[in-house]
Each structure stands twice: as structure tokens, then as C-alpha cells.
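Undergrad: Can you keep this structure in mind? I'll have questions shortly.
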Amino acid sequence: MQQLEKFAALGLSQRTLDALIEKGFEEPTAIQRECIPLLLKEQTDVVGQAQTGTGKTAAFGLPILEIVDSNVRQVQALILSPTRELALQVSEEIDSLQGDRNISILPVYGGASMETQLRRLRSGVQVVVGTPGRVIDHINRKTLDLSSVKFVVLDEADEMLNMGFIEEVEEILQNTPSEKRMLLFSATMPKPILSLAETFMKDYRLVKVEEAQRVPSQTDQLFYEIRESDKTEALCRIIDYAPDFYGLVFCRTKMQSDEVGRQLIERGYNAEVIHGDLAQKQRELILHKLREKRITIVVATDVAARGIDVQDLTHVVNYNIPQNPDTYIHRIGRTGRAGKMGTAVTFVTPSEMRRFTYIRRMVKSEIRQEKIVSAKQVVEAKRLRLTDSIIRVVEQQEEHEDFIPVARQILDQRNAVNVVAAVLAHTYGSSLDVGQYSPIEAFEPEKPHSRKERSSSRSRNDERYDRYEEQQNYDRRRHSDFDSDSVRLFIAKGRNAGMTKRMLVDYIMDRARVGNREVNDVEVHEDFSFVTAPAYAAKLILQAFSEVSSEGKPMVTKARPDNPSGKYLTGYRTSRRSREDEPARRPYEEDRYRGERSRDEYKRPGTPKPSFARSTSKGNSKRRSGKKGR
Numbered sequence: 001m002q003q004l005e006k007f008a009a010l011g012l013s014q015r016t017l018d019a020l021i022e023k024g025f026e027e028p029t030a031i032q033r034e035c036i037p038l039l040l041k042e043q044t045d046v047v048g049q050a051q052t053g054t055g056k057t058a059a060f061g062l063p064i065l066e067i068v069d070s071n072v073r074q075v076q077a078l079i080l081s082p083t084r085e086l087a088l089q090v091s092e093e094i095d096s097l098q099g100d101r102n103i104s105i106l107p108v109y110g111g112a113s114m115e116t117q118l119r120r121l122r123s124g125v126q127v128v129v130g131t132p133g134r135v136i137d138h139i140n141r142k143t144l145d146l147s148s149v150k151f152v153v154l155d156e157a158d159e160m161l162n163m164g165f166i167e168e169v170e171e172i173l174q175n176t177p178s179e180k181r182m183l184l185f186s187a188t189m190p191k192p193i194l195s196l197a198e199t200f201m202k203d204y205r206l207v208k209v210e211e212a213q214r215v216p217s218q219t220d221q222l223f224y225e226i227r228e229s230d231k232t233e234a235l236c237r238i239i240d241y242a243p244d245f246y247g248l249v250f251c252r253t254k255m256q257s258d259e260v261g262r263q264l265i266e267r268g269y270n271a272e273v274i275h276g277d278l279a280q281k282q283r284e285l286i287l288h289k290l291r292e293k294r295i296t297i298v299v300a301t302d303v304a305a306r307g308i309d310v311q312d313l314t315h316v317v318n319y320n321i322p323q324n325p326d327t328y329i330h331r332i333g334r335t336g337r338a339g340k341m342g343t344a345v346t347f348v349t350p351s352e353m354r355r356f357t358y359i360r361r362m363v364k365s366e367i368r369q370e371k372i373v374s375a376k377q378v379v380e381a382k383r384l385r386l387t388d389s390i391i392r393v394v395e396q397q398e399e400h401e402d403f404i405p406v407a408r409q410i411l412d413q414r415n416a417v418n419v420v421a422a423v424l425a426h427t428y429g430s431s432l433d434v435g436q437y438s439p440i441e442a443f444e445p446e447k448p449h450s451r452k453e454r455s456s457s458r459s460r461n462d463e464r465y466d467r468y469e470e471q472q473n474y475d476r477r478r479h480s481d482f483d484s485d486s487v488r489l490f491i492a493k494g495r496n497a498g499m500t501k502r503m504l505v506d507y508i509m510d511r512a513r514v515g516n517r518e519v520n521d522v523e524v525h526e527d528f529s530f531v532t533a534p535a536y537a538a539k540l541i542l543q544a545f546s547e548v549s550s551e552g553k554p555m556v557t558k559a560r561p562d563n564p565s566g567k568y569l570t571g572y573r574t575s576r577r578s579r580e581d582e583p584a585r586r587p588y589e590e591d592r593y594r595g596e597r598s599r600d601e602y603k604r605p606g607t608p609k610p611s612f613a614r615s616t617s618k619g620n621s622k623r624r625s626g627k628k629g630r
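When we follow this note's numbering, the leftmost residue of the sequence shown carries the number 1, and every step to the right adds one.
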């Protein structure tokens, strides 16, 4: 009763409280405590910063259900989601919260039947939950009338930004009444998101969940330093060692997801793969099987996993390390919920260790290093579980009475131990064979070093890298073919994001699968960086980072020169000082990729980033916008 009083104090009606009782709600989350009163009792817009798993769907869904009039057969609330899965999930969640109300809620997204959506819209719905692309389609068809909308929600606004949907969102908002209420939810608050809020929202309140709540307290966070070639073997050992593995495996690309999923299925695991190439019906079927535990493992990319909200997941495995701390938190937030413990596992290759160290530092929670369990340990854990399960079956005598005469007949002729062993071998095959696991060359967990040792190590590493870079520059000066066919690349990460020259090179090498000799002339600034690569390598790098963004901008683009034609320059050369009495750069090279501004202007606090970064982002948004969510 006390918990219900806490919900009632937020301004919710008894009708809604009854629905919450039926759903099993106990106590409002932090985001619910903050947002619900603002949306019900005050006439202000709300910007909420919260991660997945904080209860934000109920934070805006409950006020919508209170405000919407079920007798008016017009769209009164519009909720925009970045993916089809999330749109469907939000729609189902809000529908489950309405209790005995008769509010019609319609998800609209690409891949679903347009005719079904049109029929539902014609019959009259009060709440539409949709992806930006499909909502735009309906607006253009004049099948979606937003003139009566009282409430607009932008859910996962940062992800819509990353996926290039902001222009569509702006177009949709222009078709809604100016007197509407707006709620924007985002895990992060980059400048484009705040700019969107300032443009389309009235006086708004910023609600931010405490930083300490971002990382699930019930999640045990582990990482393993491991070679790329050993990851699948390590994953299988983790699955087999766990008593009841039920989880998500995150991969970087669709191709890798397919490969990992294929390997797991071939080894007998109940696994499926979800990525952007699957039809919507296939995705929904896989998620339905996962919720019913007919499958226990889903391999997915970050984008495809948006909207996967399954209760009681025991594990989240980062097959590849996330791109940033927010993505890490978002991934692991899918386990360790509702007071139940969960485990988050991250595989880290040696070249990724520096980047992962940065993630650990920003997450501000313990992520301890462990050794991969041995094949003998895995088999021993399986043997103990098998023994316990058989003893439980034996104790349920009524379930196997029909087989007792057969058992007696066999035991009269054969040794009991041999009989049981034969039955187990026939039933479980080679599950207890250590030879089914391939060897893994384990890394020793890193030992903590003193500040002095760490500083000394960094100094030695920096010296080695400087020598390496000098040699690279010398080699490039010797080979004129490199200078005549190279491309300068802009990287939307700099020192403020924890990047160093060595980290940047490792980051590019790891993702694009290029060698260190292909990444040259590295410059790391406060908010951005530059590298030079041969044309063939630059193409690989651009392809590898085509779906990666930073604060709404593409992570990697060709550096834009300051000439009026807008053609990309090749043959960019920067050399370190060849003589002590010469300047580090010739004057024309100083601002070759920075327009008219000097280097010092970009270091000055509050100075905007180069214009080419913003224009590139906009162009990419247009290019990507028609492919997602339609």
C-alpha cells in the first residue's frame, strides 16, 4: 500500500493505480518521480536525460493515458522512436498500462503492412507510436492528421540524431500544433539535441537521472583480455559455465553478427541473429521466441538491439568493445534489473586496451579483469549440474514408474554403474568431453601500478611512438608515390575524448583492418583529429566508419579544403621539423584544412568546430534518412 501511495502522490488517478497493481509495479523510479508530476500538474515541456531500463516509457506513457480522451477518435499523442523494435515495444508497454481504458494505440513503422496501418488510422486512433520515416510517409499521403495532437514525445532522441533522423523529426514537428506539450528523452545531450529542444519546445524543465543510477548496481561487470581469434571459443565457455545463460551478444557489424550466430548454432546453442537486414516479421518472431525462452541467445548489432527489452536476462556480452561509455552503459543496462543480479562481459583485444581503459574511467564503476575459465572447469560445472538434475528426476518417482520393469530387467543382467553411464552417454553425447573446447592462450590480469610507474610507462611509450612516427615520416618522404595518391581524413574525436596519437592509430587499425603504415601524419587536437592514408586505405577507413557518429556528426570524413571548388585535396603532406632553424610548418600548410582561421582560434574556449564537420553531418543525414524506419 505504501508503494501505491507513492504513485498516487504523483497525481495519478485510481484507474491508473489499478492498472499498475495488475502490472505488479511497486515503486516509481527516479525518472518517473520527476517527470509524471511535471506532465500532469504543470504546463511545461520536459527534457529527460535517462538510459534504457530506467522506466522512462511509463514516465511519459502514464501521463498520456491520463490526458488522452478515449471518446475523441483523433490522434492526440505522437511518440517518435528511432527503430521499429522500439516503436513496437513502447506501443505494447503503454497498451499494457491503460487497464480498463479504451484507448487505441497504433505502432507505425517500416516493414509492416501499410494497408493495415491505413485501415486502423481511418477507424480512428488516439495514440500513434512510429518511426520518423513511416510517420513522414503517412503525412505525405495525408493519412495521418496531427492537427489535434496534444502531446509529442521524442524517445531516444540521441539515437535518432545518430541515425540521421533529425531533419525528418523537424519536418514532423512542423506539422503539429504550436500549443502541444513536448517531452524529449535522450541518454546524452549533444548540442543538436539541445538546439532541437530550444527550437520546438517552450520553457522546458531538464530532468536528469543521477549519474550513479546510470550503471546498474545489480550487474557484475567483467572483462577478459583476449585475442580476436579466441573470442568465439571464450563465448562458448562463458555460456556453458553459467547455470542458465539467457542473454544478448553485441557485435560491431552485421557480417560479424551473422558469423558469430552461425558458429553458435553449429555448436548446438539455441541462438538467433538480429540486424538491419532482417524483415520486420522475422525480428518480431525472434523477439517472441526470446521472451518465451525458446531461444536463449540473441546476437545483435547496437542499432538492431534498440527496442529489445526482455526481462530476466542473465548476461550481456560485448563481443566487441562499445564505441563510447554511453553505449557501454546502454548495453549492460539490459541485465541486472528489478533487483535481480546480472553479468556484463566485455572482450578486449590488446590493441583495444587503451580505449577500454578510457571507458572504464568514464563509467566510474568497477569492471574487474578475469581469466577465461578452463575447459576442465567448464566440464566440471556441467557435470555437477547434470548430477543435480538427474537426482531431481529420480526423486519424482511417479513420472517414470512405467520404466521400472525395464530397469529391473537390465540391472539383472548388467552392472548398475555401467547402465547409468550408458544411458547418460546416449542422452548427453559429448557434452562432458574436454576435447570439445579449443585451447585459449590466456592473458594474465593486469596488475595495478603506482602513479610513478604509470607515468614512466607512458613516457617510454610516447618516446617509442615518436620514434615510430619519425621513421614513418622519413619513409613517406622517400616514396613519392605515397605523396601523389593520399587522402587527408577528419576524425570527430580529439583530446577531450581521451584520444592520443597512439590510441587513434590503434582505433582506426582495429576497426578498418588496415596496417599501421597506412595511417600517417597524425594530428590530435582538442575536439578533432586528422590522419593521412593512401587512397585505397582511406576508402577502407571511410567504409568501416560509415555507420559511426560522434555527437550527431560522422566519425570519419574526408577533410574539406578551403578552396572554393570544394574538391578534396590529395597529396597532403605535413612534415616534422627537418632542421632546427625551420618553422614546424609552412604558412600555407598551417590552415590548409581549416579555412581562414588559425590554429590558435580552434584552441580558444567556446570557438565553434570547423564548418566542414557540420556540413558533412547534414549531408550524411539526408543520405541515411530514407533507409531507416520506413
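Idealized CB from N, CA, C, for every residue including glycine.
Three-state secondary structure (DSSP) at His315?
TA: Correct three-state label for His315: strand.
Undergrad: Can you tell which of Gln32, Leu4, Gln436, Ala30 has its C-alpha closest to the C-alpha of Ala19?
TA: When each option's Cα is compared against that of Ala19, the closest is Leu4.
Undergrad: Return the chain-ordered list of same chain residues with a C-beta closer than 6 angstroms to the C-beta of Leu10, the five sequence neighbours on each side being excluded.
TA: Closer than 6 angstroms at the Cβ level, and outside the excluded window around Leu10, lie Ile36, Pro37.
Undergrad: Between Phe530 and the rest of its own chain, which residues show a CB-CB distance below 8 angstroms, the 5 nearest in sequence each way excluded?
TA: So the list reads Arg488, Leu489, Phe490, Ile491, Asp521, Val522, Glu523, Ala559, Tyr593, once near-sequence residues are dropped.
Undergrad: Any idea if Lys150 is buried or exposed, counting beta-carbon neighbours within 10 angstroms, 16 or more meaning buried?
TA: Result: buried.
Undergrad: Measure the beta-carbon distance from Ala77 to Val68 and round it to whole angstroms, keeping in mind my assumption that it falls under 8 angstroms.
TA: At roughly 6 angstroms, the Cβ-Cβ gap stays under 8 angstroms, so Ala77 and Val68 are in contact.
Undergrad: Would Phe403 be called buried (16 or more neighbouring beta carbons within 10 Å of its own) or exposed?
TA: The residue is exposed, with fewer than 16 neighbouring Cβ atoms inside 10 Å.
Undergrad: With three or more beta-carbon pairs closer than 8 angstroms as the criterion, would you say the segment 540-557 touches the segment 501-514?
TA: Verdict: yes, contact present.
Undergrad: Measuring CB to CB, does Asp527 end up less than 8 angstroms from Gly498?
TA: Against a cut-off of 8 angstroms, the Cβ pair of Gly498 and Asp527 comes out as no contact.
Undergrad: Provide the residue(s) that pair with Ser148 in DSSP beta bridges, ordered along the chain.
TA: Partner(s): none; Ser148 has no beta bridge.
Undergrad: Considering only the alpha carbon of each residue, which of Leu285, Met503, Ile274, Ala30 lies closest to Cys251?
TA: Per the Cα distances, Ile274.
Undergrad: Would a C-beta distance cut-off of 8 angstroms place Ala50 and Val209 closer than the cut-off?
TA: Yes, these two residues count as a Cβ contact at 8 angstroms.
Undergrad: From what residue to what residue does the beta strand (DSSP E) around Gly48 run?
TA: 45-49 is the extent of the beta strand (DSSP E) around Gly48.
Undergrad: Pull up the distance between the alpha-carbon of Ile308 and that of Val406, whole angstroms please.
TA: C-alpha separation (whole angstroms): 48 angstroms.
Undergrad: Express the C-alpha separation of Leu154 and Lys6 in angstroms, rounding to a whole number.
TA: Roughly 27 angstroms separates the two Cα atoms.
Undergrad: Do the segment 173-187 and the segment 99-116 meet, that is, are 3 or more Cβ pairs less than 8 angstroms apart?
TA: Because the criterion of three Cβ pairs below 8 angstroms is not met, the segment 173-187 and the segment 99-116 do not touch.
Undergrad: Cβ of Leu121 versus every heavy atom of the ligand MG: is any distance shorter than 7 angstroms?
TA: Ligands are entirely absent from the displayed structure, and the ligand MG is therefore not among its contents.
Undergrad: Less than 8 angstroms separating the beta-carbons of Glu272 and Val298?
TA: A contact, by the Cβ cut-off of 8 angstroms.
Undergrad: Using the C-alpha atoms, what's the distance from Leu65 back to Ala8?
TA: Distance between the alpha carbons of Ala8 and Leu65: 15 angstroms.
Undergrad: Based on Cα-Cα distance, which residue from Ala187, Ser147, Glu233 lies nearest to Asn162?
TA: Closest option to Asn162, Cα to Cα, is Ala187.
Undergrad: Given a cut-off of 8 angstroms, decide if Ile321 and Glu352 are closer than it, judged by their beta-carbon atoms.
TA: Yes.
Undergrad: How many Å lie between Phe612 and Tyr246 at the Cα?
TA: Only weak support exists for where Phe612 lies, its pLDDT of 33 falling under 50; the value from the coordinates is given anyway. About 45 angstroms.
Undergrad: Based on the DSSP output, what are the partners of Ile139 in its beta bridges?
TA: According to DSSP, which records beta bridges pairwise, Ile139 is partnered with nothing at all.
Undergrad: Would you decide whether Pro350 is buried or exposed? Buried here means 16 or more other CB atoms lie within 10 Å of its CB.
TA: Classification of Pro350: exposed, given that the 10 Å Cβ count is below 16.
Undergrad: Output the distance between the C-alpha atoms of Phe60 and Pro132, rounded to the nearest integer angstrom.
TA: If I take the Cα positions, the gap works out to 19 angstroms.
Undergrad: Can you check the segment 164-200 for any beta strand (DSSP E) of at least 3 residues that lies completely inside it and give the ranges in chain order?
TA: You should have 181-186.
Undergrad: Using the C-alpha atoms, what's the distance from Leu40 back to Leu631?
TA: Since the first residue of the chain shown is 1 and the last is 630, residue 631 is not available in this structure.
Undergrad: Per DSSP, what are the beta-bridge partners of Gln369 in this structure?
TA: DSSP output for Gln369 lists Phe223 as bridge partner(s).
Undergrad: Residue range of the beta strand (DSSP E) that Phe530 falls in?
TA: Note, Phe530: beta strand (DSSP E), 529-534.
Undergrad: Where do the N-terminal and C-terminal ends of the beta strand (DSSP E) with Pro107 fall, by residue?
TA: First-last of the beta strand (DSSP E) with Pro107: 105-108.
Undergrad: Whose C-alpha, out of Phe200, Ala375, Asn318, is nearest the C-alpha of Thr44?
TA: Ranking the options by Cα distance to Thr44, first place goes to Phe200.
Undergrad: Can you check whether the CB of Val128 is closer than 8 angstroms to the CB of Ser75?
TA: Note that residue 75 corresponds to Val in the displayed sequence, not to Ser. Cβ distance < 8 angstroms, so Val75 and Val128 count as in contact.
Undergrad: With Glu523 as the anchor, note down where its beta strand (DSSP E) starts and where it stops.
TA: 520-524 is the extent of the beta strand (DSSP E) around Glu523.
Undergrad: Identify whether Leu154 lies in helix, strand or coil by the three-state DSSP scheme.
TA: Looking at Leu154 - three-state DSSP - the assignment turns out to be strand.
Undergrad: What residues match up with Ile491 in a beta bridge as DSSP calls it?
TA: Per DSSP, Ser529, Val556.
Undergrad: Taking only the alpha-carbon atoms, compute the straight-line gap between Thr219 and Gly336 and give it to the nearest angstrom.
TA: Each residue's Cα considered, the two are about 5 angstroms apart.
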